[in-house]
Amino acid sequence: AQSVTQLDSQVPVFEEAPVELRCNYSSSVSVYLFWYVQYPNQGLQLLLKYLSGSTLVKGINGFEAEFNKSQTSFHLRKPSVHISDTAEYFCAVSFSGGYQKVTFGTGTKLQVIP
Amino acid sequence: DTAVSQTPKYLVTQMGNDKSIKCEQNLGHDTMYWYKQDSKKFLKIMFSYNNKELIINETVPNRFSPKSPDKAHLNLHINSLELGDSAVYFCASSRRETEAFFGQGTRLTVV
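As you go down the protein sequences, you meet chains S and U in turn.
For the first sequence, the residue numbers in this note's numbering are 857 to 970.
For the second sequence, the residue numbers in this note's numbering are 98 to 208.
Here it is, written out as structure tokens:
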């Protein structure tokens with residue numbers, strides 16, 4: 857069975873500092889990986905996705921993530937955060953083949969400190 | 098031109114009542130989902146439909162009954178509401194093996 861682990865429930869970071877949000881997954885088959893962002897009282901918005909190809913994936917709002925198959929990780933990074941990046945971030949995984957079931961991690965609250 | 102829209106956005110009701118949440122997508126996707134997000138922000142899949150056929154039912158109480166009249170709609174009916182049903186319910190849709198697009202959520206409060 858597939859699963860996703862986000863070890864950090866909260867990550868405080870100063871404005872303009874870099875940030876990395878960690879995500880590890882477990883799956884016995886090939887996976888697709890996603891990062892979503894949820895702003896307060898809103899739905900989930902896709903930040904970026906890895907389906908195949910280049911392991912470094914660039915997304916919206918200056919975020920990027922790297923798929924590391926050997927470490928089963930898909931960490932999200934941004935070189936310089938803004939106040940507006942304060943939100944909940946979810947890593948998600950689905951497996952290739954068959955019908956899609958997207959499994960979410962428990963989320964990481966990114967708090968950008970002015 | 099909202100991609101995935103669900104109504105209502107807020108729903109406050111008493112225990113024991115029956116309520117429905119509607120979802121529509123205009124993206125031409127084959128697969129639609131219902132997710133439940135609890136107060137700790139945990140997102141759990143409840144149901145998934147592909148071409149109007151139920152393909153995932155994740156041990157949800159049978160008080161919850163999804164209905165998909167066509168590929169673009171997936172409604173959620175809840176009978177005999179309980180306090181523990183209070184949560185935010187998200188509808189989503191996707192094409193096979195791609196990302197899911199989410200609605201804005203329905204915040205259900207049972208009092």
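Ideal Cβ placement from N, Cα and C applies to all residues, glycine included.
Since we're looking at a predicted model, the values are computed, not measured.
Amino acids of chain U, ordered along the chain, whose beta-carbon sits closer than 7 Å to that of residue i
i       : result
E944(S) : K138
K905(S) : E196
L902(S) : E196
Exposure label - residue i; buried when at least 16 CB within 10 Å
i       : result
Y107(U) : exposed
Q927(S) : exposed
D135(U) : exposed
T156(U) : exposed
I969(S) : exposed
E121(U) : buried
Y146(U) : buried
M143(U) : buried
D167(U) : exposed
M210(U) : Absent from the structure is residue 210(U), since the part of chain U shown begins at 98 and ends at 208.
Y895(S) : exposed
L140(U) : buried
Under 9 Å from the C-beta of residue i: neighbouring residues of chain U
i       : result
Y888(S) : E194, T195, E196
Q982(S) : This structure cannot settle anything about residue 982(S), because the visible part of chain S is limited to 857 through 970.
L914(S) : Just to set this straight, residue 914(S) is Lys in the shown sequence, not Leu. The contacting residues do not exist; K914(S) stays about 15 Å from chain U at best.
Residue interval of the beta strand (DSSP E) (run including residue i)
i       : result
R204(U) : 203–207
K116(U) : 116–122
N147(U) : 140–147
Q967(S) : 964–969
C947(S) : 943–951
E150(U) : 150–154
Y881(S) : 880–882
E922(S) : 920–924
S940(S) : Here S940(S) belongs to no beta strand (DSSP E), and DSSP marks it neither H nor E.
I175(U) : 170–175
H126(U) : From DSSP, H126(U) is part of no beta strand (DSSP E); its letter is neither H nor E.
R933(S) : 929–934
Y892(S) : 887–894
P105(U) : Element bounds for P105(U): n/a, residue is neither H nor E.
V111(U) : Per the sequence presented here, residue 111(U) reads as Gln, with Val not at that position. Here Q111(U) belongs to no beta strand (DSSP E), and DSSP marks it neither H nor E.
Listed by chain order, chain S residues near residue i by CB distance under 9 Å
i       : result
I118(U) : Ordered by position in chain S, no residue passes the 9 Å Cβ test against I118(U), which lies about 14 Å from the chain.
Listed by chain order, chain S residues near residue i by CB distance under 8 Å
i       : result
Q201(U) : Q898, G899
Within chain U, partners of residue i - CB distance below 8 Å
i       : result
G963(S) : K138, F139, L140
Inset, instruction - Count the C-beta pairs between the segment 142–152 of chain U and the segment 935–942 of chain S that are closer than 8 Å, then say yes if the count reaches three, no if not. - result: no
Legend entry - Any 3 or more C-beta pairs closer than 8 Å across the segment 174–182 of chain U and the segment 116–126 of chain U: yes
Inset, instruction - Report yes or no: do the segment 918–927 of chain S and the segment 954–969 of chain S share at least 3 C-beta pairs separated by less than 8 Å? - result: no
Inset, instruction - With 8 Å as the limit, tell me which residues of the segment 918–932 of chain S have their beta carbon closer than that to any beta carbon of chain U; keep them in chain order. - result: none
Inset, instruction - Return the residues of the segment 143–165 of chain U that lie within a Cβ-Cβ distance of less than 7 Å from chain S, sorted by chain order. - result: S145, N147, I152, I153
Inset, instruction - Say whether the segment 941–948 of chain S touches the segment 875–894 of chain S, bearing in mind that this needs 3 or more beta-carbon pairs closer than 8 Å, one atom from each stretch. - result: yes
Inset, instruction - Check each residue of the segment 864–878 of chain S: if its Cβ is closer than 7 Å to any Cβ of chain U, include it; give the result in chain order. - result: none
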